[in-house]
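Structure first, then comments.
Numbering (UniProt numbering), first residue to last: 1 to 145.
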């Protein structure tokens, strides 16, 4: 159901390119190359969103805002909602690794590691092989020194 909602939102908002440009500040000379519906694995569970691949960076934005609750006093709880976003410049990519669940080979993941050691796990791709190929190509656009 979430995929249908996402597709409807993208069409209503004018396509992936327009949604990407509205969600992220555009870098001069940047072109959106590919976009994939996916999930980002987080400590509190998977977050559904879109992974964008441009000629300059990878960017993930959740489909829905996530709400954070906090309290400045013991009597008044407060909250705010933000879209979950991750941005990785292509030159910061160290590795893009295909991964498969050994107990359920149909569950495939893409593990991304940055040069500064941050790790990101993306899953739930409809076009896993295409996403993997394009992410690997993005990592090769700025090879390690």
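For glycine and all other residues, C-beta sits at the position ideal for the given N, C-alpha and C.
Less than 8 Å separates the beta-carbon of residue 82 from that of residue 66. With respect to residue 127, residue 39 sits apart: the two C-beta atoms are not nearer than 8 Å. A Cβ-Cβ distance of about 13 Å is found for the pair residue 136 and residue 122, leaving them out of contact under the 8 Å criterion. For the region 90-131, the continuous beta strand (DSSP E) assignments of 3+ residues that do not extend past its boundaries occur at 93-101, 104-114, 119-123, in sequence order. Here residue 27 carries a coil assignment [DSSP, helix/strand/coil].
Per DSSP, residue 44 lies in no beta strand (DSSP E) and is assigned neither H nor E. In the structure shown, residue 60 adopts extended strand secondary structure according to DSSP, grouped into three states. Note on residue 75: under 16 other CB atoms within 10 angstroms of its CB, so exposed under the neighbour-count rule. Taking C-beta separations shorter than 7 Å and ignoring five residues to either side along the sequence, the partners of residue 54 in its chain run 30, 31, 32, 33, following chain order.
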